[in-house]
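The end of the sequence shown is residue 857 by the working numbering, with every number in the run present.
Just so you know, even glycine gets a beta-carbon here, dropped at the ideal spot from N, CA and C.
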Amino acid sequence: MITLIDTTYLGQRYHNLEVNMRTCAIFDLDGTIINNSSERTFVGYLLYRRELSLANLANWALYLLKTRSLHNAKMNKIYLRDKDYGHIQLLAQKCFHERLVRHISKKAVDLIQMHKAQGRIVVLLSGSLDILVTNFKEYLGMDLMIGYPLEIKDGVFTGYATGLQPHGKNKAILAKQLAEEYKLDLSHSYAYGNHYSDAYQLSLVKYPVVVNPDRKLRRIANENGWPIEIFHNTSYFSTKFFLR
């Protein structure tokens with residue numbers, strides 16, 4: 614049975630936590646705070662603005678088909694190769710305000726505000742491009758963020774991401790590193806995620822909350838007694854946002 618929770622329930626149940634502890638609330642982005650893919654929306658926006666051509670995407674897709682690797686698919690951002698960093702960063706800001714902000718869940722906003730009011734450090738941890746993630750962090754007033762950084766040389770993108778990819782087990786590793794750096798107590802903290810790969814991150818905290826889960830994460834949640842929250846009317850990335 615799916616258990617629906619609301620911010621009042623969360624606040625009443627856990628209000629006795631010591632507020633002077635540096636606890637945190639870690640939020641995933643795609644499928645959790647928003648109900649679509651931020652990067653896919655951005656690619657569609659770049660196509661709309663004619664900053665990318667279909668040939669760019671065709672070459673990217675051809676490369677991914679040749680490598681046949683999910684890791685390469687997530688690492689490779691060849692569609693941004695030789696693009697000016699400042700220009701793309703500005704377009705990411707425009708895309709956020711014109712296409713992405715409308716998809717932010719009100720429930721997510723309410724929870725973020727609740728956690729901040731209760732003195733927790735609010736963290737945005739996402740595998741999306743850092744140039745997109747930073748806009749959500751600033752808009753929502755979140756304290757810390759980790760996105761997927763893109764490699765830049767001489768002011769232009771190389772077409773590749775760099776650093777540890779915030780996905781699956783790596784999200785848990787990055788969360789632990791962040792907790793160590795900022796002295797955060799994960800054993801009394803919260804985490805929110807929608808994909809089964811978020812289970813590693815969710816299992817780190819005392820209060821995991823599953824949001825719009827896929828089938829695998831729903832099963833994991835039911836097995837572990839994790840509460841399930843519905844932030845949106847859909848739990849998948851609708852293709853209608855890709856070229857919108």
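Would you give the residue range spanned by the beta strand (DSSP E) that residue i belongs to?
i: Val818; result: No beta strand (DSSP E) holds Val818; DSSP gives it neither H nor E.
i: Met758; result: 757 to 761
i: Leu737; result: 734 to 742
i: Tyr658; result: Looking at the DSSP string, Tyr658 is not in any beta strand (DSSP E); the run it does join, the alpha helix (DSSP H), is 651 to 661.
i: Tyr554; result: Residue 554 lies beyond the stretch modelled for the chain, which goes from 614 to 857, so this question has no answer here.
Closer than 7 Å by C-beta to residue i: which residues in its own chain qualify, once you throw out the five before and the five after it? Chain order, please.
i: Ile717; result: Ile646, Ile647
i: Leu713; result: Ile647, Ser651, Thr654
Quick one, which of the options has its alpha-carbon nearest residue i's?
i: Gly740; options: Ala638, Val824, Ala788; result: Ala788
i: Tyr698; options: Ile765, His728, Tyr658, Leu675; result: Ile765
i: Leu704; options: Leu665, Lys729, Gln814; result: Leu665
i: Tyr813; options: Ala834, His710, Asp643; result: Ala834
i: Asp767; options: Lys696, His780, Lys720; result: Lys696
What does a CB cutoff of less than 6 Å around residue i pick up in its chain, not counting 5 residues either side in sequence?
i: Cys637; result: Arg733, Ile734, Val736, Leu797, Ser802
i: Ile725; result: Val735, Leu753
i: Asp811; result: Asp641
i: Leu799; result: Ala792, Leu817, Val818
List the residues that DSSP assigns as beta-bridge partners of residue i.
i: Glu842; result: Val824
i: Cys637; result: Ile734
i: Phe770; result: Ile765
Is it the case that the CB of residue i approaches a heavy atom of the ligand ATP more closely than 7 Å?
i: Gly838; result: Ligands in the displayed structure: none, and consequently the ligand ATP is not present.
Could you spell out where the alpha helix (DSSP H) holding residue i opens and where it closes?
i: Tyr698; result: 698 to 708
i: Ile717; result: Per DSSP, Ile717 belongs to no alpha helix (DSSP H) and is neither H nor E.
i: Asn648; result: Per DSSP, Asn648 belongs to no alpha helix (DSSP H) and is neither H nor E.
i: Tyr574; result: Absent from the structure is residue 574, since the part of the chain shown begins at 614 and ends at 857.
Can you list, in chain order, the residues of its chain with a C-beta nearer than 8 Å to that of residue i? Leave out the 5 residues immediately preceding and following it.
i: Asn783; result: Leu777
i: Lys690; result: Leu742, Leu763, Phe770, Gly772, Tyr773, Ala774
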